Amino acid sequence: MAKPTTRPARKQGRRSPLASAALIVIGLMATGGIYALFTTSATASTTASASQLTNEGSKLFAANCATCHGMSLQGTKQGPSLIGVGAAAVDFQVGTGRMPAAASGPQEEQKPPQFTQEQIKALYTYVGSFAPGPAIPQKQYLGGNGNAAKGAELFRINCAMCHNVAGAGGALTEGKFAPALGDVSAKHIYEAAETGPQNMPVFNDKNLTPAQKADIITYLKYLDNNPSPGGIDLANLGPVSEGLFLWIFGLGTIVGVTIWLTAKAN
Amino acid sequence: MTAAESPRGGAVVKRRTATGSAANWIDERTSISGLVKELGRKIFPDHWSFMLGEVALYSFIVILLTGTFLTFFFQASMAEVTYDGTYLPLKGIDMSAAMNSTLHISFDIRGGLLMRQIHHWAALLFVASIGLHMLRIFFTGAFRKPRELNWFIGFILFVLAMAEGFTGYSLPDDLLSGNGLRIIDGLVKGIPVIGTWISYLLFGGEFPGTAIVGRLYTLHILLLPAILVAALGVHLVLLVINKHTQFAGPGKTNDNVVGVPIMPVFAAKAGGFFFIVFGVITLMASLFTINPIWLYGPYDPSPISAGTQPDWYIGFADGALRLVPHGLGFLIGPFTFSLNVFLPVVVLGLFIVIVAIYPFIEGWVTGDKREHHIADRPRNAPTRTAIGAAGVTFYAVLWAAASSDLIATHFGLSIEGVITSLQILLILGPIIAYLVTKRVCLALQKKDREIALHGYESGRIVRLPGGEYIEVHEQLSDYERWRLVSFEDYKPVMLRPDANGRISVGQRARARFSNWFFEDRIQPVSQTELEAAHGHGHAAIEAADSHAAVEGGH
Amino acid sequence: MAQHDDGVTTPEGDAVHEGTPTGTALQVSSAAESDPGAGVVHSDRVVNPGFPPHNPRQTDLDPVKDRRAEKQVAFLFFLSIVGSILALAAYIAFPILPNDFGSIRTNNLLLGLGITLGLLGIGLGAVHWAKQLMREDESVEMRHGTRGTEATREKAVEVFTLGNEESGIGRRTLIRNSLIGALVLTPVPAVALFRGLAPDADPVKLMQHTMWKAGTRLTHDPTGVPIKASDVTLGSAFHVIPEGLLQREDMLEQKAKAAVLVMRLQPQDLHVTKGRETWNYNGIIAYSKICTHVGCPVALYEQQTHHLLCPCHQSEFDITHEAKVIFGPARRPLPQLPITVDSEGYLIARSDFREPVGPDFWEREV
Numbered sequence: 055m056a057k058p059t060t061r062p063a064r065k066q067g068r069r070s071p072l073a074s075a076a077l078i079v080i081g082l083m084a085t086g087g088i089y090a091l092f093t094t095s096a097t098a099s100t101t102a103s104a105s106q107l108t109n110e111g112s113k114l115f116a117a118n119c120a121t122c123h124g125m126s127l128q129g130t131k132q133g134p135s136l137i138g139v140g141a142a143a144v145d146f147q148v149g150t151g152r153m154p155a156a157a158s159g160p161q162e163e164q165k166p167p168q169f170t171q172e173q174i175k176a177l178y179t180y181v182g183s184f185a186p187g188p189a190i191p192q193k194q195y196l197g198g199n200g201n202a203a204k205g206a207e208l209f210r211i212n213c214a215m216c217h218n219v220a221g222a223g224g225a226l227t228e229g230k231f232a233p234a235l236g237d238v239s240a241k242h243i244y245e246a247a248e249t250g251p252q253n254m255p256v257f258n259d260k261n262l263t264p265a266q267k268a269d270i271i272t273y274l275k276y277l278d279n280n281p282s283p284g285g286i287d288l289a290n291l292g293p294v295s296e297g298l299f300l301w302i303f304g305l306g307t308i309v310g311v312t313i314w315l316t317a318k319a320n
Numbered sequence: 005m006t007a008a009e010s011p012r013g014g015a016v017v018k019r020r021t022a023t024g025s026a027a028n029w030i031d032e033r034t035s036i037s038g039l040v041k042e043l044g045r046k047i048f049p050d051h052w053s054f055m056l057g058e059v060a061l062y063s064f065i066v067i068l069l070t071g072t073f074l075t076f077f078f079q080a081s082m083a084e085v086t087y088d089g090t091y092l093p094l095k096g097i098d099m100s101a102a103m104n105s106t107l108h109i110s111f112d113i114r115g116g117l118l119m120r121q122i123h124h125w126a127a128l129l130f131v132a133s134i135g136l137h138m139l140r141i142f143f144t145g146a147f148r149k150p151r152e153l154n155w156f157i158g159f160i161l162f163v164l165a166m167a168e169g170f171t172g173y174s175l176p177d178d179l180l181s182g183n184g185l186r187i188i189d190g191l192v193k194g195i196p197v198i199g200t201w202i203s204y205l206l207f208g209g210e211f212p213g214t215a216i217v218g219r220l221y222t223l224h225i226l227l228l229p230a231i232l233v234a235a236l237g238v239h240l241v242l243l244v245i246n247k248h249t250q251f252a253g254p255g256k257t258n259d260n261v262v263g264v265p266i267m268p269v270f271a272a273k274a275g276g277f278f279f280i281v282f283g284v285i286t287l288m289a290s291l292f293t294i295n296p297i298w299l300y301g302p303y304d305p306s307p308i309s310a311g312t313q314p315d316w317y318i319g320f321a322d323g324a325l326r327l328v329p330h331g332l333g334f335l336i337g338p339f340t341f342s343l344n345v346f347l348p349v350v351v352l353g354l355f356i357v358i359v360a361i362y363p364f365i366e367g368w369v370t371g372d373k374r375e376h377h378i379a380d381r382p383r384n385a386p387t388r389t390a391i392g393a394a395g396v397t398f399y400a401v402l403w404a405a406a407s408s409d410l411i412a413t414h415f416g417l418s419i420e421g422v423i424t425s426l427q428i429l430l431i432l433g434p435i436i437a438y439l440v441t442k443r444v445c446l447a448l449q450k451k452d453r454e455i456a457l458h459g460y461e462s463g464r465i466v467r468l469p470g471g472e473y474i475e476v477h478e479q480l481s482d483y484e485r486w487r488l489v490s491f492e493d494y495k496p497v498m499l500r501p502d503a504n505g506r507i508s509v510g511q512r513a514r515a516r517f518s519n520w521f522f523e524d525r526i527q528p529v530s531q532t533e534l535e536a537a538h539g540h541g542h543a544a545i546e547a548a549d550s551h552a553a554v555e556g557g558h
Numbered sequence: 567m568a569q570h571d572d573g574v575t576t577p578e579g580d581a582v583h584e585g586t587p588t589g590t591a592l593q594v595s596s597a598a599e600s601d602p603g604a605g606v607v608h609s610d611r612v613v614n615p616g617f618p619p620h621n622p623r624q625t626d627l628d629p630v631k632d633r634r635a636e637k638q639v640a641f642l643f644f645l646s647i648v649g650s651i652l653a654l655a656a657y658i659a660f661p662i663l664p665n666d667f668g669s670i671r672t673n674n675l676l677l678g679l680g681i682t683l684g685l686l687g688i689g690l691g692a693v694h695w696a697k698q699l700m701r702e703d704e705s706v707e708m709r710h711g712t713r714g715t716e717a718t719r720e721k722a723v724e725v726f727t728l729g730n731e732e733s734g735i736g737r738r739t740l741i742r743n744s745l746i747g748a749l750v751l752t753p754v755p756a757v758a759l760f761r762g763l764a765p766d767a768d769p770v771k772l773m774q775h776t777m778w779k780a781g782t783r784l785t786h787d788p789t790g791v792p793i794k795a796s797d798v799t800l801g802s803a804f805h806v807i808p809e810g811l812l813q814r815e816d817m818l819e820q821k822a823k824a825a826v827l828v829m830r831l832q833p834q835d836l837h838v839t840k841g842r843e844t845w846n847y848n849g850i851i852a853y854s855k856i857c858t859h860v861g862c863p864v865a866l867y868e869q870q871t872h873h874l875l876c877p878c879h880q881s882e883f884d885i886t887h888e889a890k891v892i893f894g895p896a897r898r899p900l901p902q903l904p905i906t907v908d909s910e911g912y913l914i915a916r917s918d919f920r921e922p923v924g925p926d927f928w929e930r931e932v
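Residue numbers (my numbering), protein chains in the order written: chain A, 55 to 320; chain B, 5 to 558; chain C, 567 to 932.
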C-alpha cells in the first residue's frame, strides 16, 4: 500500500499544537482572577468606625462563636463566658487560629487563622464592648527594646517551667502542653500572658507590669534573632536530644569507622 | 666502642644511625629493650567489636586534653559576682564565679566554646562507648576466667566515668545542673538514719550552700581522675597479661592468638583510630551546640525549665525516680522511712551489683574452671544472651522514663499515660525480651546446625529422574564450617551426694541454676554427624537430626 | 553415636581439649584447675581445619594500585596539613568581635572544622596505609597458661613461708592482734575530721523551720515588691519570696525552703479541712513551691484544672484538695503557708509552715 504523499485536507482551520495549552492557561487565569477580584477583602480599607466594627463583629460572632459561647457571650456547656475577657483575649485566640475551636482534645492548638485582620478587629471590638477587660497592648511595649536581662530572669521564674528556658515548649498534665514560642509575634505573647489562655495562668499587670512584659518580649526576640553560638541547637531540648544524637550519629559513625577499619582490604 | 648496638639485638651494626644511637642511650639507662622485645610484636586479633574499648580510651584522652585547657580558665567558686560580659540576657545578673567563668570561656576566649563542647561531647561518648564495650564483653562471654577481675575493674571504670560526668556538668552551677544537685540532695536526705547528716556534710550546710562546686571540682579534676587512671592502668595491664580474646575461626584455638602485630599494623590502625575519634568528636563540637548554660542562667531554687533531665548516662536513675508509684513510705515511730526514694535506690543498687558480679555468678553456675580465650557468638550462649537482653531492656525502660515528658509532647500523649505504660513495661519488658531472645538464639543455632550439615540453599532446582524436585545445597568449605561447629557445649549439672552422702543447699541451688541455663540447648555438630551428612545421604541425615533433637535441643 | 555427657571431672576427662589440634601449650597442672564443670568435652568434635589460604590484596598484586594507594595516603596526610593551617588561619581571621554575638558562632565553626580536618586527615591516612599497604597476613602467637609454673609458685610460697617464719608473725599472736587493732584505729581521727565539712549547727533544726514568720509580707520573686490581695485575681499564679530574703547573706539557702506559690480560686472550689479555715484569704492560697518528692520547684500551675505539676518527676498536686498528691512519686501534699492581709491590704503570713518543707528526711516528724 503506497503512503499518501499529500496530507489530507484539514476540515477545520489551521491551529497550532500549542493553541489548546494556551487556551487552558488563559481560561484558568481568567477564572482565578475573576474569583480573586470578587473575594479579595478591601485592602484599601477605609477605617471603619467603632460602631461599624461592633456591628460586623456581632454578625461574625453570631455565625462563628455563639454556638459555644452563647449569643450574649454568657457561655454554654461547650464554651466559657466571654464577658470581661477583653479584646486582648479575642485577638490572641482568633489571631493564632486557636478559635474557632476544632475537634475536642486535651487543648485547643494553634492553627491557621480563619479570619482576616479586619474581621478579627471587628470581633474583638464587639467582645470588648460587652465589659471592660484587657485591651490590645500598646505598641510601646511590643518593640523589643526593653531589658533583655531582666526579661530573661522574669521568663525563667514565671514562664520557663512550662515553656522551657529557650521557649521550646513543655508538657503539662493529661496530654496538654505549653507550646514553643519561637516566632510568635510580640503582640500575641503579651496578650497570652495578660489573659491566661486555657490553662496558662493569668499574668495581670500587677503580677507582671507592662514594662516587665516588654522585657520578656525583648528576651524572646533576642533568642529569635541570635542563633546559638555553639552551632545547630538540636531543638534546645536539652540532654535528651544530645544523648540521642550522640548514640545514633556519634557512636553510629564511629562504629561504622571501626567496621571499615577492620575490614579486609579488597 | 665503635658501632651502635641495635635495639633488636643480634648482629652489631657497623653504621651509626641517629635512631640507633638514641635507642642505645635509652636502653643503657632503662632496659627498655626488654619491653620492646616483649610487646613490640605482640599479636592483637582484628575485629571491629574489639575496638569499642579503644573508643573509650581515646575519648578519655580527649577529655583529659580539653579538660586541662578548661582548668586554666574555670573558677570553681560560688562567690557571688555580677555578670558584665557580652551575653546581653545575663548582663547585670548576679551569679557564682563558676558560672561567670564558664560564660567567659564560652564567649570571650577564642576556641573556648569549642573546647567546652569537645569536652562535653567526648564525655558523653566516653560513657556510651564504655557501655557498648561492656555489652560486647558480656554477649561474647569475654568476662569468663581469667578475665573476671578485669570485668569488675571495667565496671568500676563505668561507675567512675558516670561520676566524672555528673561532677563535671554540675560545675558551671547553672539552672539545669543545679536542679540535678537539688534532686541528689533530696535523694540523700531520704536515706534512713544518716541521710540528713550526709546532705548537711556534703553541701557544707543547708542546700545549696557555697561549698559544693569547689568540692565537686576537687572530685572532678583530682580524686576521680586519679582513681580512674589507676584503674585504667590495671585494666590495660591485665589485658596485656591475659591477651585479648578472639572469635572462633579456622586456625584459631584456645591456646593461640591470631591477628596482627603491634608494630607496625596495629599501632598504625589504633593510632589512626585515635585521630579519627578525636576528629569525629571535634566535628560534633564544631557543628552542634551542647549544654548551652547561658540559656539556663544561674542556679536559683525557684525557677526551673520544662524538660529538665540529666545527661543521658544518669537517665536511668532519673527514670527510676519517675516510675515509682506515689504514696510509698511509712513512719517508724517518729522517723520517716521514705520508700519513694529509697526503693529506686535499692532496685538500682541490686541491678548494678548483679552486673558487677555476673562473671562470678555464671562461673558458679557452670563450675567451669577452664580458661576461655575464644569469644562466644551470642547465639551459642542462649540463656546468657537472653539475660543480657532482659537487662538491657530494663535499663532502656528506665532510660526512656527519664524523658517521659518529652515523649509525651513529641508523640501527642499524656505524661500519665507514658509513665503508666513504662511502669508496666519495666516489669513485662525484660520478661518478654528474655523469652524472645532465648528462642531466637536457639533458632539461630538450629539454623547454623542445618547449614553446617547440609550446606546453603543454592537456589538451583534439579529434577531427579524419578520426577522429584530437590534444591541443591552447596556445602560449606571446612574453613567456613568451623565457625558454626566449634562452640562450647554445656549440660545441666547432675546432683551427686558428697562424701557424707548429703546434697547441700548450695549444690541444689547450683543444679537448679544450671538447669535453667543449659536445659534448652543445641549441641554442636560432631564429626560423626558430619560424615553421615556427607556420606550416607538423606536417611542418615534425618536420623542424625532426630537423635540430636532427642538428646537435648529442640 | 557415642557421646561423653558426664559433667563430673574424671582424671582422663580433662586431659586434652579435642578442639586444639595445633598442639596445646596450655599447662594442665591439676584436675581442679581445668574442671569443666557443666562443660561437656566431646570426643568426636569436628577438627580445626587450620588456617585458610591467604588472599593477597589488590595492592599486593598490582603495583599500579599500590602506587595509587600510596598517593591516597599521602593526600590524606596533606589534607591534615591543610586543615591545621586553616584552623590557625580561622583563629586569626575570625576573632570574637565585641558587639557581634554571631562572631562567636563563626569562630567556633571554622576553628573546629579546621581542627577536624587536621585530625581526620592523619587518622584516615594512617588507617588507609595500614589496610592497603602494610603487610597484613595474620600472625600467630601462642598463649601460656595464666597461672605461674609450678617452680615459680613454689618459690612464691617459699617467699611467704620464709616471711612468716623469719618475722614470727604467725606464731606471735600477741604482736599480730595488737597490730591489727592499731591499724584499724589509725584512720579514725581522719574520719572524724570530716565533721568539719559542715558548720557546727544541727541540720535537723535548720530543716524544720523557714524564714516565714507571723507578719512577714509576701513579695514578688525576684524583685521583692510586696503583693496586695487585690493584685491576685482569679487564675493568677504569683511566685513569692518572703520580705527580707533579698537582703540575706544566705539568700539561696533560705529561698530553697521559703519559695512559695500563690494562687486564687473561687472559695467554693476549695475543700478546706478542719483547722485550716483561716489559712486562705478569700480563696487566695499559698503553698510551698518545694516538691515533697526530692525538692525541685513545683512551678507549673494549670489555672483551669487547678493542678500543680512538678517538671522533674511529674508529681501532680491538686490545689482544690490542699495540694494532695494525685499522680507521680511524691508521697506528701505540699505544705500550706497560712496567710492573711495586713492593715494596708498586703498579703502576709500568719506563721511559718506548720510542717517541714521539702523532701522526706529521717527526722522529719521528730
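The beta carbon of each residue, even a glycine, is placed where N, CA and C say it ideally should be.
In this text the structure is predicted, and so the values were computed from the model without any measurement.
Local Cβ density within 10 Å of residue i, reported as buried at 16 or more and exposed below that
i: H583 (chain C); result: Note on H583 (chain C): pLDDT 37, under 50, position unreliable in the model; the coordinate value appears next. Looking at its Cβ environment, which holds 16 or more other Cβ atoms inside 10 Å, H583 (chain C) is buried.
i: N848 (chain C); result: exposed
i: M773 (chain C); result: buried
Minimum Cβ-Cβ distance from residue i to chain C less than 9 Å
i: M215 (chain A); result: yes
i: G155 (chain B); result: Position check: residue 155 (chain B) holds Trp in this sequence, whereas Gly was assumed. No, W155 (chain B) lies away from the interface with chain C (no Cβ there is under 9 Å from its Cβ).
Chain-ordered chain A contacts of residue i [CB-CB under 7 Å]
i: H51 (chain B); result: T316
Residue i and residue j closer than 9 Å at C-beta
i: L903 (chain C); j: F919 (chain C); result: yes
i: S191 (chain A); j: E228 (chain A); result: At residue 191 (chain A) the sequence reads Pro, which differs from the Ser that was named. Going by C-beta atoms, P191 (chain A) is not nearer than 9 Å to E228 (chain A).
i: R623 (chain C); j: A289 (chain A); result: no
i: G790 (chain C); j: E809 (chain C); result: yes
i: W368 (chain B); j: R512 (chain B); result: no
i: Y438 (chain B); j: A393 (chain B); result: yes
Closer than 9 Å to chain A by CB, residue i
i: T23 (chain B); result: no
i: P863 (chain C); result: yes
i: I914 (chain C); result: no
i: V345 (chain B); result: no
Chain C residues whose Cβ lies nearer than 8 Å to that of residue i
i: F522 (chain B); result: A604
Below-9 Å beta-carbon distance, residue i vs any chain B residue
i: P769 (chain C); result: yes
Listed by chain order, chain B residues near residue i by CB distance under 9 Å
i: D601 (chain C); result: G371, D372, K373 and R374
Contacts of residue i in chain F (Cβ-Cβ under 7 Å)
i: P338 (chain B); result: Chain labels in this structure do not include chain F; the protein chains are A, B and C.
Proximal chain B residues relative to residue i, where beta-carbon distance stays under 8 Å
i: F760 (chain C); result: L205
Interface residues of chain A facing residue i [CB-CB closer than 8 Å]
i: M55 (chain B); result: T312, L315 and T316
Restricting to runs no shorter than 3 residues, where is the beta strand (DSSP E) found entirely within the region 761–846 of chain C?
784–786, 803–808 and 826–830
Alpha helix (DSSP H) runs contained entirely in the region 637–714 of chain C, provided each spans 4 or more residues
Runs of the alpha helix (DSSP H) inside the region 637–714 of chain C: 668–698.
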